[in-house]
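All remarks here apply to the structure that follows.
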Amino acid sequence: MIRTVIKWVLISAVILLILLWLWAGGFTSVRNFVRTIPNPIDIIWGNATSTYQINLPWQSAIPQGPDISGLTDAGDAQLDQTPEETGAASGGTQTSYGVPSPYRGMVALSQANAREGGTVHEYLELDAREGISAVPLTGWSLQSMVSGVRVPIPGAAAPFIIGVVNQLSPVVLAPGQTALVVTGPSPVGVSFRENRCTGFLEQVQSFDPALANACPASSELAPLTAENLHQYGSDCMDFARSLPQCSFPVNLPSSLTPGCRAYLVNTFTYSNCVDIERSRSSFELDTWRIYLSSASELWDNQHDIIRLLDAQGRTVAAISY
């Protein structure tokens, strides 16, 4: 009797389990599960998905990199952005650039010799674009975003005069003009605008980069006139006209008269050249030499972000390297 009862209880339990299995999906679940199982050969040779992949003793593990799906489109989109747009998206460059100045786009800033060691060799270049109005540089400043150092742009002499206390005027950069902003002190004591005579200064001081060799020809400074021929003689005038541009007379021939020697020494000088040329429209050149008079380098020799700021501290231009 007891055995019969146990038998029917087991049969009922089996029937109940079958009914529950059918209610949960039955053959459909089995079929769907089987479909997810890959080819056994693929499993053995490591070609299966990560869910079923197994490594046999003779198989090395396949390295798995990070998931980069979705990054490609974002990268392509960033390549299409301008530096300002990229900075606005990231926050970093925008912070470095700062508030744009109304002068933005009017003056180009280039690193020039910023990476060079030594204050006398380290300089930046500012170029006023063509087709703009004149830009007042004095009162503006340059700032390193790496060190935080900010230095003002001083006034300059135009022209520079030897032997006097030069009056410094605001530097106004006209369209097409250039300012070379040197970190160290000026070889002549002040910032200045280059002119047709400043090449003479190169003979007594060292400038980096070298001053323009744009002096008047020797024949202009020592013209072949009847008065000069009568007073100094043909040999003197021939020697004068043989001198290269922007050169002081040295190693004068002993055959020249004392009067000729004095004439040559006084004629071929920076000061005399300025006296003769400064009234001409072609006297002033398009390059300014600005000296910040810093005792130490201002710009990093490897990487830096440098801003040109207007008088209100707004960013005119910025570079990074």
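The sequence shown finishes on residue 321 if you use UniProt numbering, and the numbering steps up by one all the way, no holes. The beta carbon of each residue, even a glycine, is placed where N, CA and C say it ideally should be.
- Task: Have a look at the DSSP bridge pairing and note the partners of Y123.
- Result: Paired residues: V182.
- Query: Is F283 helix, strand or coil by DSSP?
  - Reply: In the structure shown, F283 falls within a coil segment according to DSSP collapsed to helix, strand and coil.
- Item | Bridge partners - W140, DSSP secondary structure assignment | Per DSSP, T138.
- Message: My output table needs one value for V14: the three-state DSSP class, helix, strand or coil.
- Response: DSSP places V14 in helix when its eight states are reduced to three.
- Is it buried or exposed for E194, if we count other Cβ within 10 angstroms and need 16 for buried? The residue in question, E194, is buried, as its Cβ has 16 or more Cβ neighbours within 10 Å.
- Query: Can you find a C-beta in chain B that's less than 8 Å from the C-beta of I162?
  - Reply: Of the chains in the structure shown, none is chain B; there is only one protein chain.
- Message: Need the endpoints of the beta strand (DSSP E) that E194 sits in, please.
- Response: That run of the beta strand (DSSP E) goes 192-195.
- Message: Just verifying my parser: in three-state terms, what is the DSSP assignment at L264?
- Response: Helix at L264.
- Use the C-beta contact count for L252: other C-beta atoms within 10 angstroms, 16 or more gives buried, fewer gives exposed. L252 is exposed by the Cβ-count criterion.
- Have a look at A179, V165, D286 and flag the residue whose alpha-carbon is nearest the alpha-carbon of L124. Ranking the options by Cα distance to L124, first place goes to A179.
- Message: Suppose the cutoff is 6 Å on Cβ atoms and the five residues either side in sequence are ignored; what does the same chain contact list for L221 look like?
- Response: Closer than 6 Å at the Cβ level, and outside the excluded window around L221, lie T267.
- Query: Rounded to whole angstroms, how far is the Cβ of V181 from the Cβ of V135, which I believe are closer than 8 Å?
  - Reply: The pair is not a contact, with the Cβ atoms about 14 Å apart (cut-off 8 Å).
- Item | M225 to S191 span [Cα, whole Å] | Per the sequence shown, the amino acid found at residue 225 is Thr instead of Met. So the two alpha carbons sit approximately 37 Å from each other.
- Query: Between the C-alpha atoms of Q205 and S294, what's the straight-line distance to the nearest angstrom?
  - Reply: Cα to Cα, Q205 sits roughly 19 Å from S294.
- Message: What does the Cβ neighbour count give for Q312, buried or exposed, with the cut at 16 atoms within 10 Å?
- Response: Q312 sits exposed, since fewer than 16 C-beta atoms from the chains shown fall within 10 Å of its C-beta.
- Query: What's the call for T257, buried or exposed, on a 16-neighbour Cβ count within 10 Å?
  - Reply: Exposed, because fewer than 16 other Cβ atoms sit within 10 Å of the Cβ of T257.
- Message: Does I162 come out as helix, strand or coil in the three-state DSSP assignment?
- Response: Residue state, collapsed to three classes: coil.
- Contact set for P100: own chain, Cβ-Cβ below 7 Å, skip 5 residues either direction: Contacts found: R314, T315.
- Message: With the cut-off set at 8 Å, would you say P152 and S141 are in Cβ contact?
- Response: For the pair P152 and S141, the CB atoms are nearer than the 8 Å cut-off.
- In the structure shown, what three-state DSSP assignment does T315 receive? Reduced to three states, the DSSP call for T315 is strand.
- Item | Coil, strand or helix - S271 by DSSP | Here DSSP, grouped into helix, strand and coil, assigns S271 to helix.
- Item | Distance, G199 Cα to S186 Cα | So the two alpha carbons sit approximately 15 Å from each other.
- Are there 16 or more other CB atoms within 10 angstroms of the CB of P102, so buried, or fewer, so exposed? Label assigned to P102: exposed.
- Per DSSP, I305 is paired with what? In DSSP, I305 forms a bridge with S320.
- In DSSP terms, what P152 is bridged to: In the DSSP output, where bridge partners are listed per residue, P152 has S141.
- Query: Alpha carbon to alpha carbon, what distance is there between R150 and N301?
  - Reply: Distance between N301 and R150, taken at the CA atoms: about 17 Å.
- Give the secondary structure of I44 by DSSP, where H, G and I count as helix, E and B as strand, and everything else as coil. Low per-residue confidence applies at I44: pLDDT is 48, beneath 50, and the placement is therefore not dependable enough to give any value.
- Message: I need the straight-line Cα distance from A262 to P175, nearest angstrom please.
- Response: Rounded to whole angstroms, A262 to P175 spans 42 Å at the Cα level.
- Message: Assuming P249 and V274 are in contact, meaning their beta carbons sit under 8 Å apart, how far apart are those beta carbons, in whole angstroms?
- Response: Between P249 and V274, the beta carbon gap of about 18 Å keeps them out of contact (Cβ cut-off 8 Å).
- Query: For G131, which residues of its own chain have a beta-carbon under 7 Å away from its beta-carbon, when the five flanking residues on both sides are left out?
  - Reply: Taking C-beta separations shorter than 7 Å and ignoring five residues to either side along the sequence, the partners of G131 in its chain run P175, following chain order.
- N-terminal and C-terminal residue of the beta strand (DSSP E) that A108 is part of: A108 -> beta strand (DSSP E) spans 107-110.
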